[in-house]
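Here the structure is laid out as structure tokens; the discussion comes afterwards.
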């Protein structure tokens, strides 16, 4: 009985972990503009989720998920939550570059974390799996070479929103948590569609970058 209880406990923990990763990918799909298929295909979802929780704390991450779920991951009210707003920017940065960024000092202080506020690459795999390479059909320097002679070939054209819509129609219609009834992809704002192209229609953040750390004079 004792062994069976341990197996049940391990199985329940695995189910919870799987649900946590699925929720994180759902959040990341909205933040990055890439589909769940693309995000899972990087193999980095679990590592990134662990990184986010370690950097901002489990309670802050739970508060972020709760805030987003209240609006079905769309147009949450960030009033009074500047640290969480900085966090979602950091998550998007993490997926695109494979690195956790240095947060704005005020946001880092608001998260009440003791660890250093410094940018770091999560792992060598995170660098090679960064989404930024896919946005321009490139490849990370020193890794994932595209093949001999490919430098002489023009990259494929960037797909239009209509082409992405046709490709995603079977999977996307009525699937996303934003929609409670089936809808046509043509009725969805292009900025809400997953895939490599819609991010072109998203206005970059106007939030000023965090100030550089003060330089110390050498004696």
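In this note's numbering, the protein residues as written are 1204 to 1422. C-beta atoms are modelled at their ideal positions from N, C-alpha and C, and glycine is treated no differently.
*Out of 1267, 1256, 1347, 1301, which has the shortest C-alpha to C-alpha gap to residue 1286?*
1267
*alpha helix (DSSP H) containing residue 1285: first to last residue?*
1285–1300
_residue 1335 versus residue 1222: straight-line alpha-carbon distance, rounded_ = 26 Å
*Would you say residue 1295 and residue 1252 are within 8 Å of each other, going by their C-beta atoms?*
no
_Continuous alpha helix (DSSP H) stretch holding residue 1317: start and end_ = Element bounds for residue 1317: n/a, residue is neither H nor E.
*Are the beta-carbon atoms belonging to residue 1348 and residue 1330 less than 8 Å from one another?*
no
_Using the Cβ count rule (16 or more neighbours within 10 Å means buried), how would you classify residue 1291?_
buried
*State the Cα-Cα distance for the pair residue 1232 and residue 1351, rounded to the nearest angstrom.*
33 Å
*Label residue 1420 either buried or exposed according to how many other C-beta atoms from any shown protein chain fall within 10 Å of its C-beta, with 16 as the threshold for buried.*
exposed
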